[in-house]
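Report on one structure; see the data block that follows.
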Amino acid sequence: VVKVLKPGVADVLDVDLTFLTSAAKVLEFLNPRFSRVSLVDVLSDIRKSMLEEVDFTKEAQNMKDFELYLKSQGIASATSPFVYTTASSKKVMTMERLKGAPLVDLKSIREITSEDPEAVLINALNVWLGSVLL
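All residue numbers for the sequence shown refer to my numbering, where the first residue is 3 and numbers rise by one.
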């Protein structure tokens with residue numbers, strides 16, 4: 003699988019998120035109740051996270067970190083695609099193709115595994131949550 007960042011996407015995203023953060027600052031100034039929910043801080047965190055998503059080197063590192071987490075925990079029921087780092091960059095990521103099904107599509111899960119779809123979903127959520135919390 004080759005994932006390519008379309009030209010200009012990062013710039014448009016940056017401008018849009020900067021506008022939202024600026025608008026939140028104005029809202030907090032005009033209505034101090036918004037300060038209690040830390041709207042600017044929430045949007046700043048979202049901005050940082052979304053801008054990391056358009057840096058495929060960061061995404062590739064996250065995938066490697068997830069694979070290391072799986073190995074360190076002895077989890078064989080989940081995997082992460084192998085990233086071909088020599089054929090990847092900030093704007094292009096080349097990785098192994100994995101076949102699967104959306105976790106919310108129980109019918110598709112039944113088609114690709116003999117395991118109970120609900121158990122597959124619970125396992126996937128536990129693995130993901132464990133990787134996020136460590």
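Think of the CB as a built atom: it goes at the ideal place given N, C-alpha and C, for glycine as much as any other residue.
Quick one, which of the options has its alpha-carbon nearest residue i's?
i: Leu-108; options: Glu-120, Leu-127, Ala-78, Lys-101; result: Glu-120
i: Ile-77; options: Lys-60, Ser-133, Val-6, Leu-15; result: Ser-133
i: Lys-101; options: Lys-93, Ile-111, Lys-92, Val-94; result: Ile-111
DSSP on residue i, reduced to helix/strand/coil?
i: Lys-60; result: helix
i: Val-94; result: strand
i: Val-106; result: coil
i: Lys-5; result: strand
i: Val-156; result: Only positions 3 to 136 of the chain appear in this structure, which leaves residue 156 out of reach.
Grab me the residues of residue i's own chain with a C-beta within less than 6 Å of its C-beta, minus the 5 sequence neighbours each way, in chain order.
i: Ala-26; result: Leu-41, Val-42, Leu-45
i: Gln-75; result: none
By how many angstroms is the C-alpha of residue j removed from the C-alpha of residue i?
i: Ala-103; j: Arg-35; result: 42 Å
i: Ala-89; j: Asn-64; result: 17 Å
i: Thr-87; j: Glu-117; result: 34 Å
Leaving aside the five residues before and after residue i along the sequence, list all residues of the same chain whose C-beta is less than 8 Å from its C-beta, in chain order.
i: Val-122; result: Leu-105, Ile-111, Thr-115
* **Three-pair Cβ contact test at 8 Å for the region 27 to 35 versus the region 78 to 97** => Contact between the region 27 to 35 and the region 78 to 97 is absent: fewer than 3 CB-CB pairs across the two stretches fall below 8 Å.
* Asked: Are three or more beta carbon pairs between the region 5 to 22 and the region 47 to 63 nearer than 8 Å?
  -> yes
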